[in-house]
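Residue numbers (this note's numbering): 3 to 278.
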């Protein structure tokens with residue numbers, strides 16, 4: 003017999019990790035109201051030695067647990083908002099290119115080819131140098147750099163779907179192209195898009211952390227996981243917890259998203275399922 007898809011170990015672990023992390027992040031404003039409080043008398047307190055600083059403190063005496071919880075809001079916001087923006091732009095471009103073909107297909111795909119030829123780090127440095135680094139600009143950068151993935155995926159799906167019988171029948175009875183795209187084609191290609199979205203949220207969290215670590219991401223005065231890693235890299239030998247705990251938060255979040263993405267891939271693709 004086939005096991006219920008919700009009993010999958012990937013779903014249980016992935017959803018469980020995300021629920022815990024999102025719960026901690028969303029409640030951080032109430033649980034840790036003084037996340038930026040500086041206490042120089044409690045500098046570099048080791049973890050699990052004081053009840054008021056369970057995960058220790060950083061070089062300025064700020065609570066590491068509070069900063070990890072608050073920093074998660076920045077990382078998750080960048081991950082989810084940038085992916086949603088990339089989906090909106092990429093799916094629209096892919097639908098236009100794949101359905102109408104001709105000039106629009108050539109224009110969108112050639113533009114996509116040019117962008118894919120640019121290394122991400124070069125694009126990031128140029129982009130940040132021109133408009134500056136901030137939370138909003140980081141999200142825009144990720145949208146600009148990743149819409150191409152969705153456009154190419156959607157275009158390939160549309161090229162196959164536009165020749166299917168239900169689309170040809172709708173076109174034969176005079177259904178407008180807009181209705182064919184929105185009501186017949188778009189619902190049939192959401193599965194692969196949703197899977198790619200899940201995996202890209204994890205990827206964008208890593209990219210935001212990397213950019214912030216390099217000084218190209220969000221404002222360093224705003225707590226984020228990447229910024230905490232950058233702040234603690236000079237204390238690895240004397241205060242390892244300053245970097246380890248935000249790094250562990252990134253690890254668990256990305257692991258949860260990847261497990262959920264694998265589960266969605268198997269669930270939405272019947273040909274990829276196996277009987278257990």
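Quick reminder that beta carbons are idealized off the backbone N, C-alpha and C, glycines included.
Predicted model only: the values in this text are computed from it and were never measured.
Contacting residues, own chain, Cβ-Cβ under 8 angstroms from residue i (five flanking each side not counted)
| i | result |
| --- | --- |
| residue 59 | 41, 44, 45, 46, 47, 65 and 66 |
Backbone secondary structure at residue i - three-state DSSP
| i | result |
| --- | --- |
| residue 65 | strand |
| residue 128 | helix |
| residue 51 | coil |
| residue 236 | helix |
| residue 210 | helix |
| residue 173 | helix |
| residue 113 | helix |
| residue 37 | coil |
| residue 197 | helix |
| residue 107 | helix |
| residue 80 | helix |
| residue 205 | helix |
Own chain partners of residue i with C-beta closer than 6 angstroms, once the 5 adjacent residues on each side are dropped
| i | result |
| --- | --- |
| residue 100 | 157, 160 and 161 |
| residue 173 | none |
| residue 229 | 214 and 222 |
| residue 23 | 255 |
| residue 170 | none |
Spatial distance of residue i from residue j (CA atoms)
| i | j | result |
| --- | --- | --- |
| residue 56 | residue 221 | 26 angstroms |
| residue 193 | residue 39 | 45 angstroms |
| residue 216 | residue 232 | 8 angstroms |
| residue 268 | residue 16 | 14 angstroms |
| residue 187 | residue 80 | 29 angstroms |
| residue 270 | residue 106 | 30 angstroms |
| residue 273 | residue 133 | With a pLDDT of 47 at residue 273, under the threshold of 50, the modelled position of that residue is not reliable, and the figure given next carries that caveat. Rounded to the nearest angstrom, the two C-alpha atoms are 46 angstroms apart. |
| residue 185 | residue 264 | 27 angstroms |
| residue 352 | residue 252 | Outside the shown range of the chain (3 to 278) lies residue 352, about which nothing can therefore be said. |
| residue 4 | residue 109 | Confidence at residue 4 is low in this model, with a pLDDT of 44, below 50, so its placement is unreliable and the value that follows should be read with caution. Computed Cα separation, rounded: 46 angstroms. |
| residue 68 | residue 236 | 21 angstroms |
| residue 53 | residue 208 | 31 angstroms |
| residue 339 | residue 242 | Outside the displayed range of the chain (3 to 278) lies residue 339, so it cannot be described from this structure. |
Same chain, Cβ closer than 7 angstroms to residue i, neighbours up to 5 away in sequence not counted
| i | result |
| --- | --- |
| residue 125 | 147 |
| residue 122 | 147 |
| residue 212 | 228 |
Cβ-based burial, residue i [other Cβ within 10 Å; buried from 16]
| i | result |
| --- | --- |
| residue 179 | exposed |
| residue 35 | exposed |
| residue 29 | exposed |
| residue 240 | exposed |
| residue 247 | buried |
| residue 275 | At residue 275 the pLDDT is 48, less than 50, meaning the model places this residue with poor confidence; the figure from the coordinates comes in the next sentence. Per the 10 Å Cβ criterion, exposed. |
| residue 9 | exposed |
Cross-strand partners of residue i (DSSP beta bridge)
| i | result |
| --- | --- |
| residue 59 | 65 |
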